[in-house]
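Counted the way this note's numbering counts, the sequence shown spans residues 121 to 230.
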Amino acid sequence: MASYKEPSFKDRAALSADAKQRALEKLKAKPPVDPAVVAARAAAREAKEEAEAKKREEKKAALEQARLDKLAKAAAAEQAIKDAEQAAIQAEIDKKAARDARYAARKSRK
121 MASYKEPSFK
131 DRAALSADAK
141 QRALEKLKAK
151 PPVDPAVVAA
161 RAAAREAKEE
171 AEAKKREEKK
181 AALEQARLDK
191 LAKAAAAEQA
201 IKDAEQAAIQ
211 AEIDKKAARD
221 ARYAARKSRK
């Protein structure tokens, strides 16, 4: 069995230069990009971006509508509480008026 031979600097430099040359040849061998394909990709990307922007706007509008609905519900609940309080106050006033009427009737009988 042959022993391992450490490659010299010259060997390593040659291997590196050879690898670099093969990479350059491979890069040059690529076919040029067709402008029609580039235009089609750009159009598809733009259409996708427009769809995403529309979706974002719809989501933003839905969130805003939900916020407005929540505010309207809160205002309606607050108004219902005020109406209930007002009805309770009016019931108390009516109750006192009936009591005062009974008291006045009792006084007028004496």
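Note that CB positions come from ideal geometry on N, CA and C, so glycine has one too.
If you draw a straight line from the Cα of K148 to the Cα of R132, it comes to about 24 Å. For A149, no alpha helix (DSSP H) run applies, since DSSP gives it neither H nor E.
Here DSSP, grouped into helix, strand and coil, assigns Y124 to coil. One Cα belongs to I209, the other to A195, and the distance between them is close to 21 Å.
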